[in-house]
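*Asks:* Next up is a structure, given as structure tokens.
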Amino acid sequence: MAKRQYTPRSAVRGLPKCPTGIQGIDEITGGGLPQGRPTLVCGAAGCGKTLLAMQFLVRGATDYHEPGVFMAFEETAEELTKNVGSLGFNLPALIRRKLLFVDYVHVERSEIEETGEYDLEGLFIRLGLAIDSIGAKRVVLDTVESLFAALPNMLVLRAELRRLFRWLKDKGVTVIITAEQGSGKLTRHDLEEYVSDCVLRLDHRVTDLVSTRRLRVIKYRGSVHGTNEYPFLIDETGIFVLPITSLDLQHPASTERISTGISRLDTMLGGRGYFRGSTVLVSGTAGTGKSSLAAHFVDAACRRGERCLYFAFEESLNQITRNMHSIGLNLLPWVRKGRLHFYAARPTLGGLEQHLAAMGKMIDTFRPHVVVLDPITNFVSVGEVADVKSMLMRLVDALKRQRITTLFTSLTAGDGALEQTTVGISSLMDTWLLLSSTEQNGERNRGLYVIKSRGMAHSNQIREFLITDHGIELIDVSLGPGGVLTGSARLAQTAHERDEVVARRQVAERRQHDLERKHAALDAQIAVLRAEYEREADEVQDSIVDLQQREQRTQVDRAAMTRQRKADKPPAMRGKPRMHTKGGRK
Amino acid sequence: MSMPRRRVSTSAPRSGRRSAGSAERWELRLYVAGQTPRSLAAFANLKQICESHLAGKYHIEVIDLVKNPQLARGDQIVAIPTLVRRLPPPLKKIIGDLSNTERVLVGLQLRARQ
Chain A
10 MAKRQYTPRS
20 AVRGLPKCPT
30 GIQGIDEITG
40 GGLPQGRPTL
50 VCGAAGCGKT
60 LLAMQFLVRG
70 ATDYHEPGVF
80 MAFEETAEEL
90 TKNVGSLGFN
100 LPALIRRKLL
110 FVDYVHVERS
120 EIEETGEYDL
130 EGLFIRLGLA
140 IDSIGAKRVV
150 LDTVESLFAA
160 LPNMLVLRAE
170 LRRLFRWLKD
180 KGVTVIITAE
190 QGSGKLTRHD
200 LEEYVSDCVL
210 RLDHRVTDLV
220 STRRLRVIKY
230 RGSVHGTNEY
240 PFLIDETGIF
250 VLPITSLDLQ
260 HPASTERIST
270 GISRLDTMLG
280 GRGYFRGSTV
290 LVSGTAGTGK
300 SSLAAHFVDA
310 ACRRGERCLY
320 FAFEESLNQI
330 TRNMHSIGLN
340 LLPWVRKGRL
350 HFYAARPTLG
360 GLEQHLAAMG
370 KMIDTFRPHV
380 VVLDPITNFV
390 SVGEVADVKS
400 MLMRLVDALK
410 RQRITTLFTS
420 LTAGDGALEQ
430 TTVGISSLMD
440 TWLLLSSTEQ
450 NGERNRGLYV
460 IKSRGMAHSN
470 QIREFLITDH
480 GIELIDVSLG
490 PGGVLTGSAR
500 LAQTAHERDE
510 VVARRQVAER
520 RQHDLERKHA
530 ALDAQIAVLR
540 AEYEREADEV
550 QDSIVDLQQR
560 EQRTQVDRAA
570 MTRQRKADKP
580 PAMRGKPRMH
590 TKGGRK
Chain B
34 MSMPRRRVST
44 SAPRSGRRSA
54 GSAERWELRL
64 YVAGQTPRSL
74 AAFANLKQIC
84 ESHLAGKYHI
94 EVIDLVKNPQ
104 LARGDQIVAI
114 PTLVRRLPPP
124 LKKIIGDLSN
134 TERVLVGLQL
144 RARQ
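Put into structure tokens, the structure is as follows:
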């Protein structure tokens with residue numbers, strides 16, 4: 010299990026802490042148990058006290074190189090080894106490496122007679138020897154209360170326990186003391202009177218046939234801590250407390266963007282997709298393609314080489330992969346490569362808290378980049394809406410802290426308002442995509458809007474959403490006179506628009522033709538006019554020539570007449586009269 | 034009075050094996066932690082009781098856990114002082130400074146519980 014790094018905030022505030030190495034507990038307590046002081050872990054039988062204490066020692070030994078002493082009052086070392094062996098704790102190996110010392114303290118009442126004064130120095134000596142022999146930094150007393158059953162003198166016992174806890178403090182070891190829960194009080198024998206630094210309570214409750222283990226920090230002197238009850242799991246690796254509502258809202262906010270797996274959707278989200286580490290809600294009525302959208306996202310992440318965790322609460326792995334294959338997404342290779350992990354379970358399998366813890370645990374071990382919860386709506390069948398919301402809030406917090414991008418799908422009831430999620434969690438979401446189906450002309454068509462997307466300029470347009478055999482396609486919708494048109498109405502509209510274009514083009518062509526014809530007519534008219542002009546010009550020329558000839562003839566006639574009369578020398582001809590002919594100035 | 038170091042047989046050689054009643058031997062261990070007044074008192078009380086009731090057939094081993102802390106595990110010692118009757122069986126433990134002779138005798142089963 011990966012270790013967490015903690016900022017030394019609590020150390021700065023003056024209280025050194027001893028990390029337990031148990032998932033979640035260190036988060037709740039802001040770094041661990043009070044270092045060098047005793048912590049009381051109380052709870053009813055079977056709630057996991059011994060396990061928590063043992064895990065504290067084992068993690069201390071393996072993760073922090075702090076040897077530990079387990080003083081068992083109820084189980085022998087062999088029994089203990091066997092019991093925790095199923096959780097992967099190899100006690101004999103740790104004991105051999107001197108990282109663990111198990112001492113079984115058995116006090117049998119029937120063997121004991123009490124006469125006069127005594128103290129528990131024997132216990133101190135044993136504990137002291139155990140601590141010194143391996144240089145222990147951590148000690149567990151499980152369950153010191155059984156001494157109350159074995160030793161009759163309460164006064165001595167109480168005084169000695171008080172001395173014991175003081176002595177342990179002086180030794181500087183961090184101690185867990187387990188105690189049975191009493192009726193109406195924390196512990197049956199009021200051990201909380203002696204251990205005042207830190208008290209944890211474990212609880213195992215059954216509500217509506219569903220059992221949930223919970224942990225609560227009742228008291229932590231000198232330190233802030235989460236005060237809620239936190240669910241925890243006991244599974245094959247021990248106790249796991251879900252990292253719950255963070256004490257502060259300090260998630261990292263990434264500016265990195267990751268693709269949605271659908272390029273046109275990326276475009277709608279400011280051109281580059283979701284923010285890494287953000288939460289995405291895809292809501293819609295049944296059959297609008299929520300899972301397909303999720304599958305696209307997962308596929309894109311796997312292509313980038315990231316790890317994805319897919320929580321399926323409605324379909325099995327095989328069903329999902331088969332269905333996605335039909336739209337051209339082959340998810341199985343990613344599963345085989347280990348990049349994609351499916352966790353399919355019915356929400357009714359366990360309580361909300363158990364789901365939360367189980368999911369948290371899977372997320373912690375698989376360390377995904379992308380998580381899909383499909384769908385979250387089904388949780389309402391196991392819990393109240395308020396509980397579901399609180400669970401999701403905690404999950405969102407945990408995911409955001411780890412910079413995991415999460416996509417939730419949510420089924421919207423057909424009759425309600427679309428912009429309403431059944432569990433009312435939209436405020437937790439950074440990006441909200443709404444898938445709707447519209448009925449028009451006797452068919453249902455899908456549409457997609459971006460209702461919100463924090464921190465990016467996103468499209469306000471509705472897109473028609475097609476599920477084809479090669480994946481999801483987004484297309485522009487047509488806006489008809491009656492509003493948005495999708496499906497065959499869109500096709501009809503497109504055809505109609507195309508016809509209109511053709512018609513307009515024809516009109517234009519016709520007009521041009523007319524114009525050309527007019528031009529031709531004009532030319533023809535010009536030709537006629539010119540012909541007329543030429544004819545006139547010819548006539549003018551003819552008349553001029555005629556005139557000249559006549560003048561010449563006149564002169565000739567005059568000369569002849571003169572000769573006939575034998576008159577004086579005729580006046581000399583100065584030359585031909587200058588006459589303009591054709592083409593001259595008009 | 035000082036306490037014997039570790040292993041002291043106080044059985045008198047003359048009373049030896051021919052002691053009255055039975056041949057049973059009493060093996061007693063007294064666990065103490067350092068020479069505290071309580072330890073010393075316990076040892077003195079024990080010795081006195083043994084002398085008066087088990088003369089010649091008892092053997093007391095005093096174990097100081099301050100010196101030999103590892104020995105506390107074997108007999109499951111928690112309280113100090115603890116007297117362990119190892120023989121005869123069954124194993125019995127008496128805790129305290131053994132100041133109440135009556136109860137010690139009951140605890141050692143030398144006297145029936147009243």
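Protein chains in written order, with the numbering used here: chain A, 10 to 595; chain B, 34 to 147. Ideal Cβ positions, reconstructed from N, Cα and C, are used throughout, including at glycine.
Please report the distance separating the alpha-carbon of LEU195 of chain A from that of ARG71 of chain B.
*Replies:* 35 Å
*Asks:* Under 9 Å, do LEU200 of chain A and GLU169 of chain A count as touching if we go by C-beta distance?
*Replies:* Going by C-beta atoms, LEU200 of chain A is not nearer than 9 Å to GLU169 of chain A.
*Asks:* Please classify ASN78 of chain B as buried or exposed, where buried requires at least 16 neighbouring CB atoms within 10 angstroms.
*Replies:* buried
*Asks:* Who does TRP441 of chain A pair with in a DSSP beta bridge?
*Replies:* A:LEU290, A:LYS461
*Asks:* Can you tell me the Cβ-Cβ gap for THR440 of chain A and TYR283 of chain A, rounded? I've got them flagged as a contact below 8 Å.
*Replies:* About 6 Å separates the two Cβ atoms, so the contact holds.
*Asks:* With respect to the beta strand (DSSP E) encompassing LEU416 of chain A, which residues constitute its N-terminal and C-terminal limits?
*Replies:* 414-420
*Asks:* Let me check one thing: in DSSP terms, what residues is HIS92 of chain B bridge-paired to?
*Replies:* B:GLU60
*Asks:* Can you tell me whether DSSP reads TYR229 of chain A as helix, strand or coil?
*Replies:* The answer is strand: DSSP assigns TYR229 of chain A an E or B state.
*Asks:* Three-state secondary structure (DSSP) at LYS146 of chain A?
*Replies:* coil
*Asks:* Indicate whether ILE434 of chain A and LYS398 of chain A have their beta-carbon atoms separated by less than 9 Å.
*Replies:* yes
*Asks:* For TYR127 of chain A, which of helix, strand or coil comes out of DSSP?
*Replies:* In the three-state reduction of the DSSP assignment, TYR127 of chain A falls in the coil class.
*Asks:* To the nearest angstrom, how far is it from the Cα of SER325 of chain A to the Cα of PHE351 of chain A?
*Replies:* 9 Å
*Asks:* At least one CB of chain A closer than 9 Å to the CB of LEU143 of chain B: is that the case?
*Replies:* no
*Asks:* Using Cβ-Cβ distances below 7 Å, what residues of the region 111-135 of chain B are close to chain A?
*Replies:* VAL111, ALA112, ILE113, PRO114, THR115, LEU124, LYS125, LYS126, ILE127, ILE128, GLY129, ASP130, LEU131, SER132, ASN133
*Asks:* VAL116 of chain A versus chain B: which residues are under 7 Å apart at the beta carbon?
*Replies:* GLN109, VAL111
*Asks:* According to the Cβ coordinates, are PRO25 of chain A and GLY52 of chain A closer than 9 Å?
*Replies:* no
*Asks:* Tell me which residues of the region 51-80 of chain B have at least one Cβ-Cβ distance to chain A shorter than 7 Å, keeping chain order.
*Replies:* TYR64, ALA66, ARG71
*Asks:* Determine the burial state of HIS234 of chain A: buried for a count of at least 16 other Cβ atoms within 10 Å of its Cβ, exposed for fewer.
*Replies:* So HIS234 of chain A ends up on the buried side.
*Asks:* Which word fits ARG499 of chain A, buried or exposed, when buried means at least 16 other C-beta atoms lie within 10 angstroms of its C-beta?
*Replies:* buried
*Asks:* Classify SER446 of chain A as helix, strand or coil using the three-state DSSP reduction.
*Replies:* strand
*Asks:* Is the beta carbon of VAL394 of chain A sitting closer than 9 Å to the one on ILE185 of chain A?
*Replies:* no
*Asks:* Can the beta-carbon of MET328 of chain A be found closer than 9 Å to that of ILE372 of chain A?
*Replies:* Strictly speaking, residue 328 of chain A in this sequence is Gln, with Met absent from that position. Cβ atoms of GLN328 of chain A and ILE372 of chain A: not closer than 9 Å.
*Asks:* Chain A partners of LEU98 of chain B, CB-CB under 7 Å?
*Replies:* GLY131, ILE134
*Asks:* If you compare alpha carbons, which of A:LEU302, A:LEU166, A:ASP128 is closest to ASP476 of chain A?
*Replies:* The question names Asp, yet the displayed sequence has Ile at residue 476 of chain A. Residue A:LEU302 is the option with its Cα nearest to ILE476 of chain A.
*Asks:* Taking C-beta pairs closer than 8 Å, name the residues in chain A that VAL139 of chain B reaches, listed in chain order.
*Replies:* GLU122
*Asks:* Run through DSSP, which three-state label would ARG46 of chain A get?
*Replies:* coil
*Asks:* Would you decide whether LYS125 of chain B is buried or exposed? Buried here means 16 or more other CB atoms lie within 10 Å of its CB.
*Replies:* buried
*Asks:* Hey, ARG507 of chain A and VAL486 of chain A are a contact pair by Cβ (cut 8 Å); roughly how many whole angstroms apart?
*Replies:* At roughly 17 Å, the Cβ-Cβ gap does not stay under 8 Å, so ARG507 of chain A and VAL486 of chain A are not in contact.
*Asks:* From what residue to what residue does the alpha helix (DSSP H) around LEU103 of chain A run?
*Replies:* Residues 100-105.
*Asks:* Taking 9 Å as the threshold (C-beta atoms), are ILE113 of chain B and GLY129 of chain A in contact?
*Replies:* Residue identity check: residue 129 of chain A is Leu in the sequence provided, not Gly. Yes, these two residues count as a Cβ contact at 9 Å.
*Asks:* Can you give the Cα-Cα distance for ARG147 of chain A and ARG225 of chain A, rounded to whole angstroms?
*Replies:* Near 21 Å, if we compare the C-alpha coordinates of ARG225 of chain A and ARG147 of chain A.
*Asks:* Between the Cα of HIS364 of chain A and those of A:LEU340, A:ASN454, A:PHE241, spot the shortest distance and give me the residue it belongs to.
*Replies:* A:PHE241
*Asks:* Given ALA159 of chain A, which residues of its chain have a CB within under 6 Å of its CB, disregarding the five upstream and five downstream residues?
*Replies:* VAL116, ARG118
*Asks:* Looking at PHE79 of chain A and ASP35 of chain A, is the spacing between their C-beta atoms short of 9 Å?
*Replies:* no
*Asks:* Go ahead and pull the three-state DSSP assignment for ARG453 of chain A.
*Replies:* strand
*Asks:* Thinking just about the alpha-carbon of each residue, which of A:ALA62, A:VAL459, A:LEU164 is nearest to the one in ALA188 of chain A?
*Replies:* A:ALA62
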